[in-house]
Amino acid sequence: MEVLILPDAEAVAEAAADRIAKLVAGKPDAVLGVATGSSPLLAYAALARRVRTGTLNLSRIQAFALDEYVGLSPGHPQSYAATLRRDFAEPLGLEPHQVAVPDGNAADPAWACAAFERALRDAGGVDLQLLGIGANGHVGFNEPTSSLTSRTRLKTLATQTREDNARFFTDSQQVPFHCLTQGLGTILDARSLMLVAQGAGKAQAVAAAVEGPLTAMVPASILQLHPHTTILLDEAASSRLTLSAYYRHTAANRPGVATDVGLPDVQAAG
Ligand code: GLP
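Quick note, the sequence shown lines up with residues 1073 to 1342 if you use the numbering used here.
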């Protein structure tokens, strides 16, 4: 696991954009896993700047969302389909067909989840999965006690998640109770994982995910199971880590060993 502690949220965003740009330079038809929420927004803005200046071409990538609310139409401004269109696809100049989102409006959610898993497989799997982390340690919408081997499925949102996400809705009653989310097993199938977190509000969840035990109570602790995981943190989000001196030391003394999937900046494999 590579843990990088960066001065601020903008540096986190640039580091995330660097890694995505490097991946796409080596593999123009890369498959990106994309997250919603506030955490990746600055990274998307950094990527959009590179697309605008012509230093990055994303015209051949394919993107897959982590999750979607159940019961919001794709046109609802807070659906993840609309959010990704607004914050990711349009600024990055992607065509709608380049971004796949689970169908939270399907009459048969189990079928929609299976169709999403099939689409991921047919695309050849995710090269790099970008992740945020919930204050309760969730990734995607895998709430505490999610099975560590789960696949895309219907989940009930935790009360804390509904409260946290109420800020995006006009009224907290509007926050859906259910979602479709990639499972933890689905996320682990990605060839590399990159988690971004900013702010003191994430410090506890980050520490539990990176340094705590592997447990379904902290779904993000599955990152420990993946051999190619990068964690990009600002100072505040790193403030509860006990080994931050080690992470800073390894970042400053990179062995220069290239690992796979176009992420040659990592400290060392595993
Ligand atoms: C949301 C999303 C996650 C996201 C997390 C953190 O509800 N389903 O994919 O990473 O919660 O959100 P934020 O980045 O807004 O703190």
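Note that CB positions come from ideal geometry on N, CA and C, so glycine has one too.
From a predicted model like this one, the values you see are computed outputs, not experimental measurements.
When you compare only the Cα positions, how much space is there between residue i and residue j?
i: residue 1166; j: residue 1257; result: 28 Å
i: residue 1243; j: residue 1309; result: 28 Å
i: residue 1199; j: residue 1105; result: 8 Å
i: residue 1205; j: residue 1277; result: 7 Å
i: residue 1260; j: residue 1195; result: 16 Å
i: residue 1354; j: residue 1164; result: Any question about residue 1354 goes unanswered here, given that the chain covers just 1073 to 1342.
i: residue 1076; j: residue 1179; result: 43 Å
i: residue 1338; j: residue 1250; result: Here residue 1338 scores only 45 on pLDDT, less than 50, and its place in the model should not be relied on; the value that follows carries that caveat. Residue 1338 and residue 1250: Cα-Cα distance of roughly 36 Å.
i: residue 1171; j: residue 1157; result: 8 Å
i: residue 1098; j: residue 1234; result: 39 Å
i: residue 1162; j: residue 1149; result: 14 Å
i: residue 1304; j: residue 1191; result: 28 Å
i: residue 1231; j: residue 1218; result: 15 Å
i: residue 1079; j: residue 1271; result: 11 Å
i: residue 1296; j: residue 1263; result: 14 Å
i: residue 1126; j: residue 1114; result: 19 Å
i: residue 1325; j: residue 1316; result: 14 Å
i: residue 1116; j: residue 1183; result: 30 Å
i: residue 1138; j: residue 1151; result: 12 Å
i: residue 1093; j: residue 1130; result: 9 Å
Classify residue i as buried or exposed, calling it buried when 16 or more other Cβ atoms lie within 10 Å of its own Cβ.
i: residue 1193; result: exposed
i: residue 1237; result: buried
i: residue 1143; result: exposed
i: residue 1119; result: buried
i: residue 1091; result: buried
i: residue 1208; result: buried
i: residue 1122; result: buried
i: residue 1212; result: buried
i: residue 1279; result: buried
i: residue 1141; result: buried
i: residue 1134; result: buried
i: residue 1224; result: buried
i: residue 1145; result: exposed
i: residue 1174; result: buried
Since residue i and residue j are thought to touch, with beta carbons under 8 Å apart, how far apart are those beta carbons, to the nearest angstrom?
i: residue 1291; j: residue 1210; result: 5 Å
i: residue 1298; j: residue 1267; result: Not quite, the Cβ-Cβ distance comes to about 10 Å (not below 8 Å), so this is no contact.
i: residue 1302; j: residue 1074; result: 5 Å
i: residue 1132; j: residue 1181; result: Going by Cβ atoms, the distance from residue 1132 to residue 1181 rounds to 31 Å, so no, they are not a contact pair.
i: residue 1220; j: residue 1252; result: Rounded, the Cβ-Cβ distance is 19 Å, inconsistent with contact.
i: residue 1108; j: residue 1155; result: 5 Å
Going by the DSSP bridge assignment, what does residue i pair with across the sheet?
i: residue 1225; result: 1253
i: residue 1077; result: 1305
i: residue 1241; result: For residue 1241, which the question treats as bridged, DSSP gives no partner whatsoever.
i: residue 1140; result: 1252
i: residue 1287; result: 1290
i: residue 1214; result: 1211
i: residue 1105; result: 1136, 1201
i: residue 1084; result: According to DSSP, which records beta bridges pairwise, residue 1084 is partnered with nothing at all.
Between which two residues does the alpha helix (DSSP H) carrying residue i extend?
i: residue 1119; result: 1113-1124
i: residue 1192; result: 1181-1194
i: residue 1220; result: No alpha helix (DSSP H) contains residue 1220, which DSSP labels as neither H nor E.
i: residue 1156; result: 1152-1156
i: residue 1321; result: 1316-1324
Starting from residue i and walking both ways along the beta strand (DSSP E), at which residues does that stretch end?
i: residue 1269; result: 1265-1269
i: residue 1295; result: Note, residue 1295: premise wrong, no beta strand (DSSP E); not H, not E.
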